[in-house]
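Trainee: Going line by line, the protein sequences match chains A and B. The first sequence begins at 383 in the numbering used here and counts up by one. The second sequence begins at 254 in the numbering used here and counts up by one. Note that the Cβ used here is the ideal one computed from N, Cα and C, for glycine as well.
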Amino acid sequence: MSTATGASQAAVASRRPRFRAQRHALLGMPLAGLMLVGYVLPLVLVLGVSLGDGTGQRPFASGLSIAKYVAQFQSPYVWRVIVFTLVVSAAIAVFNALLAYPMALFLARSRSRWRGLAFLVSFTPLAVGMNMLTIGWLIMLGKTGVINAVLQGLGITNEPVSLVYGVTAVAIGLVHVSFTFMLLPIESVLRGIDPLLERAARSLGASPARAFATVTLPLSLEGVAAGMLIVFMQSCGAFVIPLFLGGTGTVMLPVAIWEQMTVANDWPAGAVLAITLTALALAVLAIQLRFFNPLRGAGQP
Amino acid sequence: MKVSRRSFMAGAAAAGALATRPSLVMAQDKTLIVTSLGGRWEQSIRTHFAPLFTKRTGYEVKIVSGGPAQWTAQIEGQPSNPPLNAVDNSELLAQSLMDKGLVLKLTPELVPNLKDVPAQFYEPWDSFGVSYQYGASGVFFNKTKITQAPQSWPEFLERAGKGEFGRNVTLPDISYAWTPELVWHLASTMGGSLDNLDPAFEALRKVKPYITKFWATAIEAERLALSREADIGWLWDGRVYAMMDSGAQFLDFRRLKPTSLFSLVPAQVVKTDKSAVAFEWVNTLLDPAPLLDYYKTIQYTPTNRKVVFPEASAARIMPASEGVIPNLRGLAKVTPSIIERWNAEIRG
């Protein structure tokens with residue numbers, strides 16, 4: 383009897399993790415379904431279009447060919463756009479990290495009464511949205527904009543200064559719109575770091591700067607990496623800001639995709655660039671997961 | 254204008270022959286899905302054309318806002334069951350739908366108002382589309398700054414290229430769907446052609462240092478004009494007149510010699526089980542009464558000869574004989590090379 387009971391308990395115990403795993407899998411089903419329909423399937427269709435010759439009415443309708451990939455990657459202009467997109471996006475991520483870190487530290491550590499207001503202000507780019515933010519910067523930076531009016535009003539310049547329609551304006555817009563996405567991961571990680579660790583370092587003789595550099599900063603790099611990844615990917619996919627704040631030399635990949643599809647009516651070429659953009663984003667994501675994956679090692683002793 | 258029973262029956266017969274399941278026509282819901290650009294275009298379609306159409310046919314109109322590239326992709330993506338019944342297309346994409354056999358031919362029997370429209374507004378698409386309005390290209394200018402506006406395209410480009418207007422000139426970028434047509438048009442006014450676009454690119458290279466912004470959308474061009482960031486630039490007449498009528502007193506518009514480029518919007522009937530009703534939709538788009546209201550809102554000129562314009566705006570209207578469009582098939586062939594040259598010579 384006792385043997386039978388023991389066997390039954392062992393069977394139940396062995397089934398428990400499986401039930402838990404199934405329950406967890408069920409919880410993930412809605413998101414998995416959404417990703418499948420909203421991301422994987424469209425991606426496969428876009429891939430199909432990129433491998434077509436444009437004569438078919440549907441993806442995979444015509445024969446598969448890599449001719450469009452070859453043609454696009456033979457174009458110096460396309461390479462220039464790809465490199466520009468990557469360099470600008472990386473620069474935005476780095477610059478944003480430098481800007482957001484002190485603010486995140488303040489939000490995570492300070493007990494100031496201004497903390498709530500600072501949180502609110504840091505959320506304004508999300509609340510306003512990319513289009514309004516772009517228009518706002520056009521009003522600020524334009525030839526007849528606020529900054530030029532102030533410069534001329536103070537007699538600093540006689541003529542309007544060109545502040546918009548170039549890489550600087552694009553960078554300002556992208557930094558602004560993605561600031562919150564950099565701030566939140568860093569603030570979240572910083573908040574999770576026990577301040578006693580830094581205090582322990584200081585009690586052992588480290589200066590405040592050294593304690594920060596050797597304890598807090600390394601522990602918060604995971605948040606910085608997550609923020610940089612989000613900002614990088616968001617900048618790579620930016621369309622409105624490069625289009626309206628940029629000029630002739632600031633074409634980024636999404637704008638090039640738009641041109642291929644709406645002006646050249648060359649959907650396969652546009653799809654090639656879209657696949658390239660996706661591949662670049664996934665490659666950066668893979669690098670981030672390889673080196674900064676917070677789940678890596680979770681559950682291990 | 255009322256639809257005669259004969260024309261309606263002819264349309265029904267044509268559509269019935271094409272429909273794979275004619276028995277389902279009667280079972281369909283009474284909604285016709287059409288397209289429009291956003292903003293005041295959508296507003297005009299909804300308030301001026303849709304009520305008349307509903308009154309005539311009993312069908313409600315559902316308007317899908319967006320742009321020709323999106324609509325054409327939707328139709329081409331589901332050729333056996335297109336999600337749109339009629340589409341307002343771009344000049345080039347209209348040919349794409351026509352070549353793929355996804356739209357139907359318009360005839361005076363199916364679309365009676367077609368007989369009052371000059372052939373130049375449907376011949377480019379072999380009657381598989383008809384433009385119910387046209388815009389004409391010209392230059393807007395800030396008349397407080399530019400007292401002597403150019404008279405011709407070569408003069409405009411020459412003066413702009415010499416820096417006479419300062420760095421206050423604006424032109425469309427290659428992101429704008431009509432820029433390949435513009436390049437052809439500029440070339441053609443200076444002795445070029447679709448086979449020789451050098452005159453246009455040569456002039457544009459000279460103008461480039463004086464461009465405040467190559468704009469990507471016409472709304473952006475309007476913003477550049479209204480904010481006075483640009484003192485002079487290329488744009489369609491209707492958009493400038495609409496800004497002037499909204500209070501921009503410092504603005505003026507001039508069509509330049511020898512010709513203006515047409516902006517046409519071919520309306521097309523998509524092959525669906527509601528094609529008979531869609532023919533009537535296109536017929537309504539060509540109807541003089543709503544077209545006049547449309548003109549008052551949009552300021553793009555109706556193509557129906559029977560539209561009687563207010564005397565005050567007669568001077569604004571370009572005679573159809575002064576407008577040109579390129580050979581669309583030829584343009585489609587050279588568009589990739591125009592984009593390539595633009596990227597190398599203007600953006601490079």
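1) Indicate whether B:G320 and B:L290 have their beta-carbon atoms separated by less than 8 angstroms.
2) Please list, in chain order, the residues of the segment 546–578 of chain B that have any C-beta partner in chain A closer than 8 angstroms.
3) Please confirm whether B:G491 and B:G382 have their CB atoms less than 8 angstroms apart.
4) For A:A665, I'd like the list of residues in its chain whose CB is within less than 6 angstroms of its CB, leaving aside the five on either flank, ordered along the chain.
5) How should B:T423 be labelled, buried or exposed, when 16 other C-beta atoms within 10 angstroms of its C-beta is the threshold for buried?
6) Any contact between the segment 604–622 of chain A and the segment 467–474 of chain A? By contact I mean 3 or more CB pairs, one from each, below 8 angstroms.
7) In angstroms, rounded to a whole number, what distance separates the CA positions of A:L520 and B:N557?
8) Please list the segments of the alpha helix (DSSP H) lying wholly inside the segment 432–464 of chain A, counting only runs of 4 or more residues, in order along the chain.
9) Should B:Y385 be labelled buried (16 or more other beta-carbon atoms within 10 Å of its own) or exposed?
10) Applying the 10 Å Cβ sphere with the 16-neighbour rule, what's the burial state of B:W487?
11) Cβ of B:A413 within 8 angstroms of Cβ of B:Y463?
12) How many Å lie between A:K525 and A:G628 at the Cα?
13) Where B:A339 and B:P543 are concerned, what is the direct C-alpha to C-alpha distance, given to the nearest angstrom?
14) Under the rule that 16 or more other beta-carbon atoms within 10 Å means buried, what is B:E564, buried or exposed?
15) Just the chain B side, please: which residues come within less than 7 angstroms of A:F626 by C-beta, in chain order?
16) Quick one: does B:I427 have its CB under 8 angstroms from some CB of chain A?
17) Roughly how many whole angstroms lie between the Cα atoms of B:Q327 and A:D576?
18) Would the beta-carbon of B:I570 fall within 8 angstroms of that of B:T550?
19) I'd like to know whether the C-beta of A:A354 is nearer than 8 angstroms to at least one C-beta of chain B.
20) Hey, which unbroken runs of the beta strand (DSSP E) at 3 residues or more fall wholly within the segment 369–409 of chain B?
21) Taking only runs of the alpha helix (DSSP H) that begin and end inside the segment 478–565 of chain B, which ones reach a length of at least 4 residues, in chain order?
22) Taking C-beta pairs closer than 7 angstroms, name the residues in chain A that B:R481 reaches, listed in chain order.
23) Using beta carbons (cut-off 8 angstroms, strictly below), is A:V465 in contact with chain B?
24) What in chain B is Cβ-close to A:V622, meaning under 8 angstroms?
25) Less than 8 angstroms between the C-beta atoms of A:E580 and A:T598, yes or no?
26) Compute the distance between the beta-carbons of A:V549 and A:T632, then report whether it is under 8 angstroms.
27) State yes or no: is the C-beta of B:L367 within less than 8 angstroms of the C-beta of B:L539?
28) Give me the Cα-Cα distance between B:A280 and B:E313, rounded to the nearest whole angstrom.
29) Which first and last residues belong to the alpha helix (DSSP H) in which A:V606 is found?
30) Looking at the structure shown, is B:G583 part of a helix, part of a strand, or coil, going by DSSP?
31) Tell me whether the beta-carbon of B:V356 lies closer than 8 angstroms to the beta-carbon of B:Q552.
32) List the residues of chain B whose Cβ lies closer than 7 angstroms to the Cβ of A:W640, in chain order.
33) Looking at the C-beta of B:N334, does it have a partner C-beta in chain A at a distance below 8 angstroms?
34) Could you work out which residues of chain A lie near B:L346, taking near to mean beta carbons separated by less than 8 angstroms?
35) Is B:D426 buried or exposed, if buried means 16 or more other CB atoms sit within 10 Å of its CB?
36) What is the DSSP secondary structure of A:L480, counted as helix, strand or coil?
Mentor: To lay it out plainly:
1) Yes, the Cβ-Cβ distance between B:G320 and B:L290 is below 8 angstroms.
2) Listed by position, the residues of the segment 546–578 of chain B near chain A (Cβ gap below 8 angstroms) amount to none.
3) The answer is no: Cβ separation not under 8 angstroms.
4) Cβ-Cβ distances below 6 angstroms link A:A665 to nothing in the same chain once the five nearest sequence neighbours on each side are left out.
5) With 16 or more other Cβ atoms inside 10 Å of its own Cβ, B:T423 counts as buried.
6) Short answer: they touch.
7) Their backbone Cα atoms lie some 40 angstroms apart in a straight line.
8) List check, alpha helix (DSSP H) in window: 449–455.
9) Buried is the call here.
10) Buried, by the Cβ-count rule.
11) Contact flag set, yes.
12) Distance between the alpha carbons of A:K525 and A:G628: 14 angstroms.
13) In a straight line, the C-alpha of B:A339 is about 18 angstroms away from that of B:P543.
14) Under this definition B:E564 is an exposed residue.
15) Those are E473, listed as they occur along chain B.
16) Yes, contact with chain A.
17) Straight-line Cα distance between these residues: approximately 55 angstroms.
18) Not a contact, by the Cβ cut-off of 8 angstroms.
19) Nothing in the structure corresponds to residue 354 of chain A, since chain A is present only between 383 and 683.
20) Complete beta strand (DSSP E) runs here, min 3: 383–395.
21) DSSP assignment within the segment 478–565 of chain B yields the following whole alpha helix (DSSP H) runs of 4 residues or more, N-terminal first: 490–498, 528–538 and 541–551.
22) Chain A residues near B:R481: T526.
23) So, not an interface residue.
24) Result: empty, since nearest Cβ-Cβ is about 10 angstroms, beyond 8 angstroms.
25) Their beta carbons are under 8 angstroms apart, which means A:E580 touches A:T598 by this criterion.
26) Going by C-beta atoms, A:V549 is nearer than 8 angstroms to A:T632.
27) Contact: yes.
28) Low local confidence applies: a pLDDT of 46 at B:A280 is under 50, so the model's placement there is unreliable, with the coordinate-based value given in what follows. Going by the C-alpha atoms only, they are around 15 angstroms apart.
29) Membership of A:V606 in the alpha helix (DSSP H) is indicated by the continuous run L599 to C618.
30) Correct three-state label for B:G583: helix.
31) The answer is no: Cβ separation not under 8 angstroms.
32) Ordered by position in chain B, the residues that pass the 7 angstroms Cβ test against A:W640 are S428.
33) No, B:N334 lies away from the interface with chain A (no Cβ there is under 8 angstroms from its Cβ).
34) Within chain A, N647 have C-beta atoms less than 8 angstroms from the C-beta of B:L346, given in sequence order.
35) Buried, since its Cβ has 16 or more Cβ neighbours within 10 Å.
36) Under the three-state reduction of DSSP output, A:L480 falls in the helix class.
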